[in-house]
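Visitor: The numbering of the sequence shown is the numbering used here, which starts it at 1107 and goes up by one.
Sharing a structure, written as structure tokens. Questions coming.
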Amino acid sequence: MELRSIELDLPDPDGAARFLTGTWGLGDAGGDTDSSYLRGSGDQPYLVGLHRADHPLVRSVTFLANAEEIEAVRLRAAQRDVAVAEVSSADPGAGAGITLSLPDGAVIRLLAGAGRVAPVAGFPDRAVRLTHVVLNAVDAEATARFAEDMLGFRVSDRTKGMVFVRCNSSHHSIAFARAGFASLNHIAFEMADMDAVMRGIGRLRDVGMVPAWGPGRHGPGANVFAYFIAPFGAVVEFSTAVEVVGEDYRTGTPEDWSWPPNRIDQWGISGKDMAALGEAERVFRFRRRPNNE
Ligand SMILES: [Fe+2]
């Protein structure tokens, strides 16, 4: 499977679209008075869908699958009494498939037959695609288990803070943070190379925004990162060079990924604004609140 897009409900989709197409660098992929779609330079019709609503919510996280993969999920869900809804996408690219909820209420949408678009050249500062979405989980292990058992995903690594999960050879396309509550942690956009990440930091600096964390290079996945708190409330990340892993990748444990003193990434040059990130990581909740929160 392949992570394609995230769909968000929020009070001011126009303002969010202005930021994401302006300083952040995405392209306009159409919409109407209540919706905006934003694309990267790659072959997906859009990466972020913004929909006007009273409250900020994650509407869905969308993965592309083939018909066989969706049928396999349907069967596993039926065996385990997990509710699945049939859907036809009205978003750019269309496609049809199913939605199901993770244990914490986040809606995962699996689409087959969704259209692709021609990649655009000449936009070196535009994200190519989404590389991962991280969700805060009440129980990250249970959520990761669900992703493995139900969606056929695989856990790549575990750290003290997160469970990293892959759906193809990219080290992680989704991760679940051991937060104790359910919400969007952040959305990561894949840039073409490290220069594009650095130029992105420069563009945001031009408008007075500094990274909430970064630049740095992570442990699991080894991707370069810079996190910002977007004006519309979500944490967004410029990222690049995430590790490609094989079927035989050994799942790392928290002990494998402990840092020496004064390090929370491979480079050790950046500070992390824990307070601001902690607040922003609670803004976008899920439609269904978990029972045990
Ligand atoms: Fe990330």
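Each residue gets a CB set at the ideal place from its N, CA and C atoms; glycine is no exception.
1) For ligand 1, is there any heavy atom lying closer than 7 angstroms to the beta carbon of G1345?
2) Put F1252 into one of helix, strand or coil per three-state DSSP.
3) Report the option in R1165, D1255 and E1296 whose CA atom is closest to the CA atom of Q1185.
4) Would you check whether ligand 1 has a heavy atom nearer than 7 angstroms to the C-beta of H1238?
5) Got a sec: does ligand 1 put a non-hydrogen atom nearer than 7 angstroms to the Cβ of R1294?
6) In whole angstroms, what is the alpha-carbon distance linking M1300 and D1134?
7) Check for me: the alpha helix (DSSP H) holding R1182 runs from which residue to which?
8) Any contact between the region 1237-1250 and the region 1206-1214? By contact I mean 3 or more CB pairs, one from each, below 8 angstroms.
9) Am I right that I1307 and E1343 are in contact with their C-beta atoms under 8 angstroms? What's the rounded C-beta distance?
10) According to the Cβ coordinates, are V1190 and L1206 closer than 8 angstroms?
11) Can you tell me where the beta strand (DSSP E) with I1307 in it begins and where it stops?
12) With DSSP run on the structure shown, which of helix, strand or coil describes M1268?
13) So what's E1385 in DSSP terms, helix, strand or just coil?
14) How close, in whole Å, do the beta carbons of I1112 and V1193 come, if the pair is a contact with beta carbons under 8 angstroms?
15) Tell me whether V1313 is buried or exposed, calling it buried when 16 or more other Cβ atoms sit within 10 Å of its Cβ.
16) Quick check on D1115: does DSSP put it in helix, strand or coil?
17) Taking only three categories from DSSP, how would you classify G1221?
18) Looking at the unbroken beta strand (DSSP E) that takes in R1323, where does it start and where does it end?
19) By the DSSP assignment, the beta strand (DSSP E) with Y1355 in it spans what residues?
20) Between F1169 and the rest of its own chain, which residues show a CB-CB distance below 6 angstroms, the 5 nearest in sequence each way excluded?
21) In this structure, does DSSP put E1399 in helix, strand or coil?
22) Scan the region 1119-1179 and note each continuous beta strand (DSSP E) run of 3 residues or more that stays entirely inside, going in chain order.
23) Any heavy atom of ligand 1 closer than 7 angstroms to the beta-carbon of F1331?
24) Which same chain residues end up closer than 6 angstroms to P1198 when comparing Cβ atoms and leaving out the 5 residues on each side of it in sequence?
25) Taking just the CA atoms, how far does V1234 sit from A1382?
26) Between the C-alpha atoms of V1351 and E1296, what's the straight-line distance to the nearest angstrom?
27) Please confirm if the region 1314-1330 is in contact with the region 1364-1382, defined as three or more CB-CB distances below 8 angstroms between the two stretches.
28) Our contact map puts A1386 next to V1341 with C-beta atoms below 8 angstroms; I'd like the distance itself, whole angstroms only.
29) Applying the 10 Å Cβ sphere with the 16-neighbour rule, what's the burial state of M1380?
30) Would you list the residues sitting across from E1192 in a DSSP beta bridge?
Guide: Let me spell this out:
1) The sequence given here places Ser at residue 1345; Gly does not occur at that position. For ligand 1, at least one heavy atom lies less than 7 angstroms from the Cβ of S1345.
2) helix
3) D1255
4) yes
5) A small fix is needed here, since residue 1294 is Ala in this sequence, not Arg. Checking the Cβ of A1294 against ligand 1 gives yes.
6) 24 angstroms
7) A1173 to Q1185
8) yes
9) Between E1343 and I1307 the Cβ distance is about 11 angstroms, and since that is not below 8 angstroms, they are no contact.
10) yes
11) Per DSSP, I1307 belongs to no beta strand (DSSP E); it is in the alpha helix (DSSP H), M1300 to D1312.
12) strand
13) helix
14) Contact flag wrong, Cβ pair sits at about 16 angstroms.
15) exposed
16) strand
17) coil
18) W1319 to R1323
19) Careful: Y1355 lies outside any beta strand (DSSP E) and carries neither H nor E.
20) M1107, L1109 and L1216
21) Summary for E1399: the model assigns pLDDT 48, below 50, so the residue's position carries little reliability, and this model does not support an answer.
22) 1133-1138, 1141-1145, 1154-1158 and 1163-1170
23) yes
24) A1135, Y1143, P1151 and Y1152
25) 27 angstroms
26) 17 angstroms
27) yes
28) 5 angstroms
29) exposed
30) I1204
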